[in-house]
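Enquirer:
Numbering (the UniProt record's numbering), first residue to last: 1 to 620.
1. Does the distance from the CB of residue 209 to the CB of residue 203 come in under 7 Å?
2. If I follow the unbroken alpha helix (DSSP H) through residue 335, where does it start and stop?
3. Look at residue 542 and residue 508 and say whether their C-beta atoms are less than 7 Å apart.
4. Given a threshold of 16 other Cβ atoms within 10 Å of its Cβ, counted over all protein chains shown, does residue 511 qualify as buried or as exposed?
5. Quick check: the Cα distance between residue 14 and residue 162, rounded to an integer number of angstroms?
6. Going by DSSP, what residue range makes up the beta strand (DSSP E) through residue 137?
7. Sort 110, 115, 278 and 442 by Cα distance to residue 573 and report the nearest one.
8. Starting from residue 327, trace the alpha helix (DSSP H) both ways and give me its first and last residue.
9. To the nearest angstrom, how far is it from the Cα of residue 465 to the Cα of residue 562?
10. Figure out for me which residue from 334, 533, 222 and 260 has the closest Cα to the Cα of residue 237.
11. Classify residue 75 as buried or exposed, calling it buried when 16 or more other Cβ atoms lie within 10 Å of its own Cβ.
12. Does the count of Cβ pairs from the stretch 292-299 and the stretch 18-33 closer than 8 Å reach three?
13. Assign residue 272 to one of three DSSP states: helix, strand, or coil.
14. List the endpoints of the continuous beta strand (DSSP E) containing residue 66.
15. Cutting at 6 Å between CB atoms, please list the residues of its own chain near residue 191, excluding the five before and the five after it.
16. Would you kindly work out how many angstroms separate the C-alpha atoms of residue 308 and residue 158, rounded to a whole number?
17. In whole angstroms, what is the alpha-carbon distance linking residue 143 and residue 207?
18. Buried or exposed for residue 467, going by 16 or more other Cβ atoms inside 10 Å?
19. Do you know offhand how far residue 597's Cα is from residue 551's?
20. So is residue 586 buried or exposed if we call it buried at 16+ other beta carbons inside 10 Å?
21. To which residues of the same chain is residue 33 closer than 7 Å at the C-beta, ignoring the five residues directly before and after it?
22. What does the Cβ neighbour count give for residue 29, buried or exposed, with the cut at 16 atoms within 10 Å?
23. List the endpoints of the continuous alpha helix (DSSP H) containing residue 10.
24. For the alpha helix (DSSP H) containing residue 582, list its first residue and its last residue.
25. Report the three-state DSSP secondary structure of residue 556 (helix, strand or coil).
26. Sorted by chain position, which residues of the same chain lie with C-beta nearer than 8 Å to residue 534's C-beta, five sequence neighbours on each side aside?
27. How about residue 78 and residue 97: are their beta carbons less than 7 Å apart?
28. When you compare only the Cα positions, how much space is there between residue 337 and residue 611?
29. Taking the alpha-carbon positions, what's the residue 566 to residue 490 distance?
30. In this structure, does DSSP put residue 24 in helix, strand or coil?
31. Going by other Cβ atoms of all chains shown within 10 Å of its Cβ, with 16 needed for buried, is residue 525 buried or exposed?
32. Are residue 189 and residue 49 touching if we call contact CB-CB under 7 Å?
33. Buried or exposed: which applies to residue 325, given that a residue is buried once 16 or more other Cβ atoms fall within 10 Å of its Cβ?
34. Nearest-angstrom Cα distance between residue 461 and residue 173?
35. Tell me whether the beta-carbon of residue 527 lies closer than 7 Å to the beta-carbon of residue 557.
36. Give the DSSP bridge partners of residue 228, in chain order.
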């Protein structure tokens, strides 16, 4: 073996560059973060050949003092932190002091800068084996310009791994978009090969922020996005989440920021997936742009050189906060929430109440379809706690009510409820039933035009939500196992099972520790009697260890309830009367997540008058 020796600074920096500089997009990310940390209000980015030939970043930030320039291109030199306490609560995007040194070791880098009130600017470039900074005066306005040329010119093996110019530019463009979404108060511009790609002005108001969001994520996202802003337990979550109907085939429109830093965190992804689980079609991905704000000391950003990963001090609290916030927002999405119905007044719905002994016309469609399962009612619609539409009596009085009669009944109901006679201008979001098409779809008329409803999918969701409410009202029933099941687990898993005994009890399970690496399952939820117990317990323990919480047991129970609701819902080719159809429409307006069935399929669609006129060339 050769003798142990010190690496020369350039080689050490080139090795470190393998962690920081993967492709041109990595260079742009580091430079943009430095500009933002410098207080820039305007950042101009110019690239050539996908960033391989040239990357030039100009900003109007504070600039770098002349005496600090020799250290600017040195490794482990930074102005962001000085002691360990600063690292534990770092608020800046950069802090490692590695970026410029790593970039300059694999490219031809020059840095020009000037501070406010300085007589002239200064330029720095690293040269030679020891990468010493060479300074020279230069004319430059306030701010900093970093120019990176010929990336990987001295590491040809790394350059061979670069993709085509288009692919590399797409990655670079994505980085610019992410940074533009992280700081709405900063203007961004991007030029590629002399052609303007982006020119984003600073956005201070919510309307201007939404315009930037539409420019970056597309107008279709904004048309289907809901704004949220919630604060609790020292955490604040705000941003935009897309309706379940705007799902994606891949997770390419998911932006999550922690204190302004773009991150890809498994805990966050898990919480979001849980919130969308009941309303997202299988194999699809939600779209969102969300911002989590918390105390810097509550999150560790010093996890990976690229700083894409973070660790939360209390991951369980963060997970539950994100999940519950999004779950509530998605649950409250009703027909009147959708933008095309934004002009309609919100329905005044009654609180959940017990179903009367005489079931509704729609509930009767499910009679005989279910079977008694583990103490549950014989039919899905026989649950206590279901929602009884306040509009049903008015519509059930006549088997041939026309739209005018339905409208009059609806307005009388709201006028009586309001007590001020102002119900004459109200109309339900899903309108009034007109007819049934092929025994599958309900055709209804509302203020916007035509509404098409998949009656089975809609009734399936209504029945499913009633069953879940009934389960939550009476709790999860458990039953002792005739022969307890002994499971061999790791010591860490056994500790987790012992520590979270109350969590298992709330979910209808009783698990006891039998030995250092063994647990005994004594009770299970009654409805999960036929489930693979071993796999379920192991999955729950895995979730508890990784995320601090688990929703798998409830998910399994919900899957069974979903199947029961599917079998107990009105089937295709069953002819419904107008009162039955209107009862279904009113129940949809009062049911959570009624826009999708249990499997994530849409339950209704709006066809506006403008689109109908377009079909028939009216107004041309």
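Glycine is no exception: its CB is placed at the ideal position from the N, C-alpha and C atoms.
In this text, all values refer to a predicted model and were calculated from it rather than measured experimentally.
Expert: The relevant details are as follows:
1. Looking up residue 209 in the chain shown gives position 209. Looking up residue 203 in the chain shown gives position 203. Going by C-beta atoms, residue 209 is nearer than 7 Å to residue 203.
2. As a position in the chain shown, residue 335 is number 335, starting the count at 1. Unbroken run through residue 335: none, as it is neither H nor E.
3. Taking the chain shown and counting its residues from 1, one reaches residue 542 at position 542. Taking the chain shown and counting its residues from 1, one reaches residue 508 at position 508. No, the Cβ-Cβ distance between residue 542 and residue 508 is not below 7 Å.
4. One-based indexing of the chain shown puts residue 511 at position 511. Counting every other CB atom within 10 Å of its CB across the protein chains shown gives residue 511 a total of 16 or more, marking it as buried.
5. Counted from its first residue, the chain shown places residue 14 at position 14. Counted from its first residue, the chain shown places residue 162 at position 162. Computed Cα separation, rounded: 17 Å.
6. For the purposes of this step, residue 137 is taken as residue 137 along the chain shown, with counting starting at 1. Start and end: 132-138.
7. To locate residue 573, count along the chain shown from 1; it is residue 573. Comparing C-alpha distances from residue 573 to each of 110, 115, 278 and 442 shows the shortest one belongs to 442.
8. Taking the chain shown and counting its residues from 1, the one referred to as residue 327 is at position 327. That run of the alpha helix (DSSP H) goes 315-331.
9. Residue numbering aside, residue 465 sits at position 465 when the chain shown is read from its first letter. Residue numbering aside, residue 562 sits at position 562 when the chain shown is read from its first letter. Taking the straight line joining both Cα atoms gives about 9 Å.
10. The count along the chain shown starts at 1 and reaches residue 237 at position 237. Among 334, 533, 222 and 260, the Cα nearest to that of residue 237 is on 260.
11. Your numbering for residue 75 matches position 75 in the chain shown. Residue 75 comes out buried.
12. With contact defined as three or more Cβ pairs closer than 8 Å, the stretch 292-299 and the stretch 18-33 are not in contact.
13. Working through the chain shown from its first residue, we reach residue 272 at position 272. Residue state, collapsed to three classes: helix.
14. Numbered from 1 along the chain shown, position 66 holds the residue referred to as residue 66. Membership of residue 66 in any beta strand (DSSP E) is not indicated, and neither H nor E is assigned to it by DSSP.
15. Taking the chain shown and counting its residues from 1, the one referred to as residue 191 is at position 191. Taken in chain order, the residues that qualify are 46.
16. The residue labelled residue 308 in the question sits at position 308 within the chain shown. The residue labelled residue 158 in the question sits at position 158 within the chain shown. Here the C-alpha atom of residue 308 lies approximately 22 Å from the C-alpha atom of residue 158.
17. Residue mapping note: residue 143 aligns to position 143 of the chain shown, counting from 1. Residue mapping note: residue 207 aligns to position 207 of the chain shown, counting from 1. Approximately 29 Å between the Cα atoms of the pair.
18. Along the chain shown, read from residue 1 onward, the residue named residue 467 stands at position 467. In summary, residue 467 is buried, with 16 or more beta-carbon neighbours lying within 10 Å of its beta-carbon over all protein chains present.
19. Along the chain shown, read from residue 1 onward, the residue named residue 597 stands at position 597. Along the chain shown, read from residue 1 onward, the residue named residue 551 stands at position 551. Spanning the two alpha carbons is a distance of roughly 20 Å.
20. Residue mapping note: residue 586 aligns to position 586 of the chain shown, counting from 1. Classification of residue 586: buried, given that the 10 Å Cβ count is 16 or more.
21. Counted from its first residue, the chain shown places residue 33 at position 33. Answer for residue 33: 93 and 94, listed in chain order.
22. Residue 29 sits at position 29 when you count from the first residue of the chain shown. Classification for residue 29: buried.
23. Stepping through the chain shown from its first residue, residue 10 is reached at position 10. Boundaries of the alpha helix (DSSP H) around residue 10: 9-20.
24. Here the question's residue 582 lines up with position 582 in the chain shown. 578-590 is the span of the alpha helix (DSSP H), which, as asked, contains residue 582.
25. Taking the first residue of the chain shown as position 1, residue 556 is located at position 556. Residue state for residue 556 is assigned as helix, using DSSP reduced to three classes.
26. Stepping through the chain shown from its first residue, residue 534 is reached at position 534. Beyond the five residues adjoining it in sequence on each side, residue 534 comes within less than 8 Å, by CB distance, of 485 and 487 in the same chain, given in chain order.
27. Position 78 of the chain shown, counting from 1, holds the residue named residue 78. Position 97 of the chain shown, counting from 1, holds the residue named residue 97. Contact: yes.
28. As a position in the chain shown, residue 337 is number 337, starting the count at 1. As a position in the chain shown, residue 611 is number 611, starting the count at 1. Roughly 21 Å separates the two Cα atoms.
29. In the chain shown, counting from the first residue as 1, residue 566 sits at position 566. In the chain shown, counting from the first residue as 1, residue 490 sits at position 490. Approximately 39 Å, taken between the alpha carbons.
30. Taking the chain shown and counting its residues from 1, one reaches residue 24 at position 24. When DSSP states are grouped into helix, strand and coil, residue 24 belongs to the helix group.
31. Here residue 525 refers to the residue found at position 525 when the chain shown is read from its first residue. Residue 525 should be labelled buried.
32. As a position in the chain shown, residue 189 is number 189, starting the count at 1. As a position in the chain shown, residue 49 is number 49, starting the count at 1. No, the Cβ-Cβ distance between residue 189 and residue 49 is not below 7 Å.
33. Mapped onto the chain shown, residue 325 falls at position 325. Residue 325 comes out buried.
34. In the chain shown, counting from the first residue as 1, residue 461 sits at position 461. In the chain shown, counting from the first residue as 1, residue 173 sits at position 173. Whole-angstrom Cα-Cα distance: 41 Å.
35. The residue given as residue 527 occupies position 527 in the chain shown. The residue given as residue 557 occupies position 557 in the chain shown. Taking 7 Å as the cut-off, the beta carbon of residue 527 is found closer than this to the beta carbon of residue 557.
36. The residue you call residue 228 lines up with position 228 of the chain shown. In the DSSP output, where bridge partners are listed per residue, residue 228 has 239.
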